[in-house]
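First the structure, in the form of structure tokens, and then the observations on it.
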Amino acid sequence: MMKVAIYDLDKTLVRRATFTPFLLFAARSLAPGRLPLFPVWIAMMIGYRIGFYDRTRLKTVGMRLMLGRQPICALERAGREFATHHLRKCGWVEGVIAMLEADRKEGAHLVIATAAFEFYARAFAEKLGIDDVIATGWDGARIPGGNCYGEEKRKRVALWLEDKPPGYRTRFVSDSFADAPLLQEADDAVFVTQSGKKRKRAESLGWHVIDGSL
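Quick note, the sequence shown lines up with residues 1 to 214 if you use full-length UniProt numbering.
As structure tokens, this is what we get:
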């Protein structure tokens, strides 16, 4: 039976979140004059946590604020440079990478499904030899179809799976309860955490838990 192994990116494969670090990294080379606006971005993130707007709006404003209008080719180039920089700084989650490599040896079809923007998520995927990436799009000014997060991510993965032959089994690996829609549908749900409280909650939902510190 074919196995499809789907991995989240931020804090699952990569130890730290990527979007704010990407904004800072890319602004330094693509729009250095916008770096003084970074405190405004911090205020925007606080506003999101309070509930003033959703993640799609937050990320759209973040891109416009810190980077302005950049051609996709420039963002992809910055994304490749950023992936190298970010991994040098914080690294992969080794226990999850070991699981991914075991899946690869078993012949599983490997996929990254993430809320990160596709123009830099693909750079991380390339470093792992993964071709299929389901991520948030960017057309230069907005996020078409919305942020690839939560239920929206589940829908996009389901659409991607429609083209696969029947009879496959799925593994989904994530550090976030926002991915519960996908974890609940997976044949093998794997939750990544260092928190004892989150471990207990994930185990109560029937998910296998691995230590995100390894």
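C-beta: ideal position from N, C-alpha, C; glycine also.
Query                                                                                          : Result
Start and end residues, beta strand (DSSP E) containing residue 116                            : 109-117
Euclidean distance between Cα positions of residue 42 and residue 77                           : 25 Å
Minimum length 4: unbroken alpha helix (DSSP H) runs contained in the region 132-172           : 151-161
Residue 18 in three-state terms, based on DSSP                                                 : coil
Proximity winner among 187, 132, 189 and 185, relative to residue 163 (alpha-carbon distances) : 132
Bridge partner(s) assigned by DSSP for residue 208                                             : 190
N- and C-terminal bounds of the alpha helix (DSSP H) containing residue 7                      : Premise fails: residue 7 lies in the beta strand (DSSP E), 3-7, not in any alpha helix (DSSP H).
Burial state of residue 40, where buried means 16 or more other Cβ atoms lie within 10 Å       : exposed
When 212, 29 and 58 are compared against residue 198, the one with the closest alpha-carbon    : 212
Cβ-Cβ separation, residue 4 to residue 86 (assumed contact under 8 Å), whole Å                 : Rounded, the Cβ-Cβ distance is 26 Å, inconsistent with contact.
Residue 94: CB within 7 Å of a non-hydrogen atom of the ligand ATP                             : Ligands displayed in this structure: none; no statement on the ligand ATP is therefore possible.
Separation of residue 193 from residue 180, as counted between CA atoms                        : 14 Å
Cβ neighbour criterion (16 or more within 10 Å) applied to residue 46                          : exposed
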